[in-house]
Every structure is written in structure tokens, then in C-alpha cells.
Amino acid sequence: MGYRSLADCVQDLRRTGRLVVVDREVDPYLEVGAIQRRVYQAGGPALLFPRVKGTAFPMVGNLFGTIERARFLFRDTLDAVARLVELKVDPSSGFKRPWRYRGVPRTGLSLLPKTVRRGPILAHQTTVSKLPALTSWPKDGGPFVTLPLVYTEDPDRPGLARSNLGMYRVQLSGNAYETDREVGLHYQIHRGIGVHHAAAIRRGERLRVNVVVGGPPAMTVAAVMPLPEGLPELAFAGALGGRRVAMVAPEGRLAMPAEADFVISGYIDPDARKPEGPFGDHLGYYSLAHDFPVLKVERVYHREGAIWPFTTVGRPPQEDTSFGELIHDLTGPIIPTVVAGLHAVHAVDAAGVHPLLLAIASERYVPYAEVRRPQEILTVANAVLGQGQLSLAKYLLIVAREDDPGLDVHDVAGFLRHLLERVDWRNDLHFQTRTTIDTLDYSGHGLNQGSKLVIAAAGPRRRELPAELPSGLRLPDGFRDARLVLPGVLAVAAPKYDPAARRIEAFTESFGPDDPIRAFPLIVLVDDAEFTARSLRNFLWVVFTRSNPAADVHGIGSFIEDKHWGCTGPLVIDARIKPHHAPPLEDDPDVERRVDALAAPGGPLHGIY
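Numbering that gives the first Met the number 0 applies: residue 0 is where the sequence shown begins, and numbers increase by one.
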């Protein structure tokens, strides 16, 4: 069976050598987050901090720091959940191989949350200012809850069956929040809580909210799962945790998990908003301060022996990468049942997840055509961009499975090579110029506002990709340091961004029809070509977090025909930092020196990083 509580999980990890106790006082301001990031990068253990400055509560981090440990946490239930997914994909499997699904009925019973009259969460009450004040980055607007489980119910149809448990950002203090009475609640568009909040606004009433921290690890995974509408996260948490989730509603208040470690209980007034942020986010930049809902705090509950779980986010990969891998383990087989013709989709973590999606789909239209071209995969692309969080994708690159049945969507370099060998820039670029993008992506023209680009490639190879720089390569004045990133991909250092300088036009118009640079189908203009070309991870982060397709995609030999934009030569992406971009995250040197000391001989983390 799964863990009943977070304490059970911590004890199990400690007993099996997967957790280290850091038995010296640590500061939740910058230091704890820096330690966790360093240990994560080293593939190290979970971390328990029993002595945290400014609070009586211990903290635990890096629980999901490796995919192996994440799978270990759910070793008793992962197979059973996978069987449920298989039956969803093909219900007839239960009749063909009944012995394979003999445990499914027991797992199915765990789907149903239950209401109880009392629970450990009701043991004690405290205040917000006594909670661990985790601040991860120097320019953060205050301390944040980084693994919050935000619980709401549908105002039109209250109850567990239509509840939402989501991981939304919670700022504990700072800015204009009233100490111990208000916290900030930031949720992105297309999130489940938004439906509940809209219903409360329409009804002119408060939306009751519980911010849950801790509890069984299955609840944390459930809060980030892309579940279909109508399937409550509490049900999935029960299946993954191997036991029904117990919910308790004290004194008629909003229900809360009985085994949670902490619950901040309150409400959102229909019109209450205050600035939230900045916050160092998973794109590797700060999301800036904007007005978001304010949670009016009524009570803060905690159980006996409560432990505060945390993570830190920043330029990927970080601990939340394990969530993505675990989600793929569980939901990968169900993808073809959601969108007909879609075989695989990959939100690229190194590019910040939403900025770049890769997809493989069928291209079966006109099977007798002499030359295959993108048709069905364009239909699939439109369907993908209509699916929940996938709708926030900025670049969607999609190819036909028939061209290479063995292509792996998670082999990013191989996927890019396949696409660049086949793409026709005259026909295969499809823009949405004024639409929604990720709230945390500042490359667009406003909050949640930007553009999308679908690149769809199908058919035989049309070019060989150069794997080295040509000897006759020349660059216009001001451009320098051309570097090969991948076969067919060139990074060029461009002058600092100046919208009035028309530098891009000067670049794209300076090459003749026989210029050797035309052998490269993709050219990226960047601030630092050496950094961009140093690794695939750097290339993905720089190019797809710093460009807005409608504004920053250019081309050599560009044209517009019947409102369709294309180019006859290489595609050129301007991935320089622009004035409206959010600043990138940087570590504090003094804090890094303190973290170094913890790993020195005799330190509690010696030999770990």
C-alpha cells in the first residue's frame, strides 16, 4: 500500500538510504533552495532539514529529485494505475487477458474519496508568519509555497465529485499583503480553479479555498496531472496512493485532506486582487509582478509533527522534470485516444515546457499521392492546440510517422534533424499571430498574449544537413562568431537588440542565391553564440524562451502570398534578449559559498555534490 502521510514517506526514504538529514541550522531565505538545486543537479538524495531559521517546522525537499526515486515512492501502485490506463485505451483487454487486470477492482475502489469526521490535520492551528518562509531567488517578491495543493469546489455544484486540486503559486508575504491575513494566489489561464473562480464571480460570492501543504505524495502528483474534465484529482490521488483519500470538513467549512501536514484556509472575494511576484520560475526567468487574486486567510491548520515539503524551480531541468517523466509513464499510452492520428507528443522540458512541443502523427490523407505533404498532420496540430495545457504551446513541430516509424519524439536532436531534412519553408509555416501563450512567458506582446507557430513537415528528405561550417562563410557587418549547433543549425552572434536599427533586415538581405549560408535551413541570431552552441540544452532554452514567432521569425528570401508567409532560403529566428523580456535567474554568490561549505569534508553534504 502507499503512504498514509508525508511522515511515513520520509521515514521510508530514510530507512532505505534515499534521504539525508542536514542537521544544522539552514536559512529558508535563498540558502535552502540553493542546497536543493545543487543536490538535484548531482542526482542526490531527498533532504530533511530539522533546524530551519525562523520556524519550528522541519522542511523536506528533493523528494522527487530523480525519476527512480519518484517511481520508488509509488512502487506498490504504479503498475495498477497503468493497468487502469490500459483498460481506458482498450476496454476489451480485460476480457482478452483477465489475469493481467485482477488487481484493477481494488484500485478502482481507491478512486472514491471519503468523508471522515476527524483527522490529524485538525490537531493544531498556527499563523502564516510562523510557517517556513522559503525564498528561492534574490529578486523574489517574498516567500512562496512551492508545492501547494490548492483545493476548491464548484460553486454551482459543490462537493468532492467536482472538486479541483491544482498546483498554483502561493505567495505567503511581501508586496502589499496584510501579514497573517492575506496571501497571494497566482493561477495560469486554462486551469481548473479558473472555472470555479468564474462561477463564484458570476454568482457574486466568495470562493472558498484551502491551500494544502504536505500529505501523501500521491496528492502532489495528482495536483499536476493533466486529467480530463470530470475526473477529480482526489480520485487519481487515491488510485496512485493505494487508498481512498480521506477528507474532513471542520465546522462546516470547506473540506480538506485529513492527512495533510498544513492547510491555509480562507476565501477569495470576487474583486480582490493585489500584485503578486516577482518569482523565479520554471522558464529560467522571473515572472514579474501582476495583479492576481488575494486569499483572505481565516485559519492555518497543521498536524502533530508536521513537515513542510518544498522544491525550487528555475531554468530546467529541475525537480519538476521528474513530474513530467512520471506523467509520461502514466499517460503516454492514452495519447492516441485523445486526438485521432496523434502518436506521441513531447513538451520539451529544456525549453521551458510550453514554449516547445514536438509531435508525431499519421499522414494518411491521399495515400496514392506521388509526393506526401503535410495534410492530416495539420489537422492533428490544430487538435493538439485545443487540448488543455497544450493550448499554451508557442512552437509546435509536427512530423509524419510514415516517414520514419522508428523516430522517438523524446530524441530532440534526432527529431530536429528529421524535420530540418524535410521541411519546406515556402509552405510548412503556419502562424497564429494574436493568441494566448503561457502566463509565465514574457516573449510575447503582453501578459498571456503572443503568437504560435506550427511547423509541419512530411515527405521524403529534400536536403542534406551540413555538419561543419563552410570555408567561404561570411557575415554582414556587426554579426560575428558563427557556430554550428546541430547539423543544419547555425548560431550567429548579433548586435544588441535595437528595434530601430533594422539589423534583421540587413542580415537577411545580404546573402546572394549561391551564398554558402543557404545550406543551413535554420539560423538563430543570439547574444552569445558560444553559449548557445555549447549544448543542446542551451540552444533549446535560448531560442524558444526568447522568441515570439510572429515578431521574431524571419527568413532569407521571405515573401507573403495570399496572406501566407514563407521564405525560399533559411529560416532565421531572432532569439536575442529584448527590453520587454523578464530578467534571467542568477544565483547569489554569498549563498553559493555557504552551500559549498556544506559539501566540504566534515560537512553534512560531503560527497553528494
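Heads up, the beta-carbon is just placed ideally off N, CA and C, and yes, glycines get one too.
| Asked | Found |
| --- | --- |
| Consult DSSP for residue 185 and reduce its assignment to one of helix, strand or coil. | strand |
| Out of 361, 348 and 354, point me to the one whose CA is closest to residue 342's CA. | 361 |
| What first and last residue would you give for the alpha helix (DSSP H) that runs through residue 321? | 319-330 |
| For residue 308, does the three-state DSSP call read helix, strand or coil? | strand |
| Within 8 Å, do at least three Cβ pairs link the region 39-48 to the region 237-251? | no |
| Looking at residue 391 and residue 19, is the spacing between their C-beta atoms short of 8 Å? | no |
| Between the Cα of residue 197 and the Cα atoms of 497, 168, 219 and 154, which residue gives the shortest distance? | 154 |
| Inspect the beta-carbon positions of residue 318 and residue 547 and report whether they are closer than 8 Å. | no |
| Quick check on residue 230: buried or exposed, where buried means 16 or more other Cβ atoms within 10 Å of its Cβ? | exposed |
| Can you tell me which of the three DSSP states residue 576 falls into? | coil |
| Using C-beta distances below 7 Å, list every residue in its chain close to residue 428, excluding the 5 sequence neighbours before and after it, in chain order. | 452, 454, 564 and 565 |
| Got a sec, what are the start and stop residues for the alpha helix (DSSP H) residue 340 sits in? | Careful: residue 340 lies outside any alpha helix (DSSP H) and carries neither H nor E. |
| Given 8 Å as the limit, is there contact between the region 156-173 and the region 327-337, that is, 3 or more CB pairs closer than that? | no |
| Shortest alpha-carbon distance to residue 459 belongs to which of 409, 400, 339 and 482? | 400 |
| Under the three-state reduction of DSSP, which class applies to residue 594: helix, strand or coil? | helix |
| Compare the Cα-Cα distances from residue 339 to each of 304, 376 and 312 and report the closest residue. | 376 |
| Whose CA, out of 586, 558, 538 and 597, lies closest to the CA of residue 573? | 538 |
| Between which residues of its own chain and residue 187 is the CB-CB distance below 6 Å, once the five residues before and five after are set aside? | 438 |
| Please state the DSSP three-state secondary structure of residue 493. | coil |
| May I have the straight-line CA-CA distance separating residue 219 from residue 312, to the nearest angstrom? | 15 Å |
| List the whole-angstrom C-beta distance separating residue 140 from residue 277, where the pair is believed to meet the contact cut-off of C-beta under 8 Å. | 5 Å |
| From the DSSP output, in three-state form, read off residue 386 for me. | coil |
| Answer yes or no: the CB of residue 299 versus the heavy atoms of the ligand ZN, is any distance below 7 Å? | Among the ligands in the structure shown, none appear at all, so the ligand ZN cannot be discussed. |
| Would you mind working out which of 262, 243, 174 and 126 sits nearest residue 146, comparing C-alpha positions? | 262 |
| At what residues does the alpha helix (DSSP H) containing residue 417 begin and finish? | 411-421 |
| Below 6 Å CB to CB, which residues in the same chain sit around residue 15 once its five sequence neighbours on both sides are set aside? | none |
| Under 8 Å between the Cβ atoms of residue 59 and residue 308? | yes |
| Is the separation between the beta-carbon of residue 594 and that of residue 33 shorter than 8 Å? | yes |
| Would you decide whether residue 495 is buried or exposed? Buried here means 16 or more other CB atoms lie within 10 Å of its CB. | exposed |
| Can you list, in chain order, the stretches of the beta strand (DSSP E) that have 3 or more residues and sit fully within the region 425-508? | 428-435, 448-456, 479-485 and 488-492 |
| Quick check for students: name the residue ranges of the beta strand (DSSP E) that lie wholly in the region 143-208, counting only runs of 3 or more. | 148-152, 162-165, 168-170 and 181-185 |
| What separation, rounded to the nearest whole angstrom, lies between the Cα atoms of residue 372 and residue 512? | 25 Å |
| My output table needs one value for residue 237: the three-state DSSP class, helix, strand or coil. | helix |
| Quick test of the definition: if touching needs 3 or more C-beta pairs under 8 Å, does the region 264-276 touch the region 288-304? | yes |
| Considering residue 525, what are the terminal residues of the alpha helix (DSSP H) in which it resides? | Where residue 525 is concerned, there is no enclosing alpha helix (DSSP H), although the beta strand (DSSP E) it sits in stretches over 521-525. |
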